[in-house]
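Asks: For the sequence shown, this note's numbering gives the first residue as 646, with consecutive numbering after it.
C-beta: ideal position from N, C-alpha, C; glycine also.
A quick note: this is a predicted structure, and the numbers were derived from the prediction, not measured.
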Amino acid sequence: MNSVTELFRVDELHAKPIEGDTEILRGLSLMVNEGEVHAIMGPNGSGKSTLANTLLASPEYQVVSGRVFYKGDDISQWPTDARAKAGIFLGFQYPQEIAGVSVIQFLRQALSARKGIDLSVLELRLSAMSWMKRLGMDSTFVDRYLNEGFSGGEKKRNEIMQMAILEPELAILDETDSGLDIDALRIVAQGIREVRKERPKMGIVLITHYQRLLDELQPDFVHILIDGRIVKSGGMEIAEELEKSGYESYKE
Ligand SMILES: Nc1ncnc2c1ncn2[C@@H]1O[C@H](COP(=O)(O)OP(=O)(O)OP(=O)(O)O)[C@@H](O)[C@H]1O
Ligand SMILES: [Mg+2]
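1. Pairs of beta-carbons, one from the region 682 to 695 and one from the region 720 to 727, closer than 8 Å: are there three or more?
2. Taking 8 Å as the limit between beta carbons, can you name the residues of its chain near Phe734, skipping five residues before and five after?
3. Return the first residue and the last residue of the alpha helix (DSSP H) that Leu858 is part of.
4. Measuring from the CB of Ile669, is there a heavy atom of ligand 1 at a distance below 6 Å?
5. Helix, strand or coil, according to DSSP, for Gln722 in the structure here?
6. Taking a contact to mean a Cβ-Cβ separation below 7 Å, would you say Glu679 touches Lys846 in this structure?
7. Roughly how many angstroms lie between the CA atoms of Leu780 and Lys889, to the nearest whole one?
8. Cβ of His659 within 7 Å of Cβ of Glu651?
9. Counting only the same chain and skipping the five closest in sequence on each side, list residues whose C-beta sits under 6 Å from that of Val713.
10. Does Thr785 pass the burial test, meaning 16 or more other C-beta atoms within 10 Å, or should it be called exposed?
11. Look up Glu768 in the DSSP assignment and say whether it is helix, strand or coil.
12. Between Lys693 and ligand 2, is the CB less than 6 Å from at least one heavy atom?
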């Protein structure tokens with residue numbers, strides 16, 4: 646119980662959009678041990694989504710300097726697919742809509758890319774059904790086309806189902822503009838808890854504006870990201886303080 650194993654570490658990361666010279670991440674460092682949940686909060690435009698995208702090697706961003714380690718390997722140069730295959734999951738890593746591809750077909754492809762195993766449609770369907778039940782989703786959902794006409798809450802549930810089935814070792818979830826109602830938020834939190842129960846070593850980096858989600862999930866660490874850097878880290882008390890006084894005192 647008392648030994649901690651480093652899962653993921655970001656050292657002094659500087660990154661900018663491919664098009665443009667302004668750095669958005671300006672010396673960001675973060676360390677996640679196995680089983681830990683880290684929440685990242687920060688004002689609009691502080692670089693949270695850029696961080697998530699950069700961590701999955703989005704071609705939109707260029708790393709200027711700094712390094713990223715995952716399970717002891719320097720993965721700074723690894724492309725997106727290698728990171729996904731190694732077990733890093735990014736909540737929105739998949740295209741918004743894929744014409745003509747159903748939820749279940751998509752899961753099958755993603756699982757094959759992630760684990761190199763081809764589950765039969767039947768096996769996958771059973772596994773998906775069981776997760777959908779746990780996530781309060783309707784069973785007809787798997788046969789719908791991916792994200793086509795999905796409500797915000799349905800997209801989020803689908804994201805959590807992908808996470809459950811792909812069995813990542815590190816999940817990076819950007820909840821920023823998801824517009825969840827209170828029930829959906831609870832279901833997302835419940836879903837994350839369910840997945841953690843089965844995968845207690847999974848690390849989570851949860852980007853959120855929702856105090857409520859943090860109340861539900863009780864992260865081990867809360868970090869405040871301002872202007873591309875983490876300016877403060879601590880426990881839940883930081884989120885509570887933010888709720889009262891906002892980001893003003895952290896700004897330069
Ligand atoms: N591809 C890009 N090209 C130009 N500017 C960008 C690009 N991506 C991000 N930015 C800028 O970088 C800053 C940080 O954006 P980012 O999306 O990371 O913020 P955020 O912290 O996720 O904000 P929010 O809370 O609103 O989701 C913003 O000023 C944004 O306009
Ligand atoms: Mg964002």
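Replies: On the basis of the supplied data:
1. no
2. Gln807, Met808, Leu811, Pro813, Leu815, Ala816 and Ile817
3. Gln856 to Leu862
4. yes
5. coil
6. yes
7. 32 Å
8. no
9. Val655, Ile720 and Ser721
10. exposed
11. helix
12. yes
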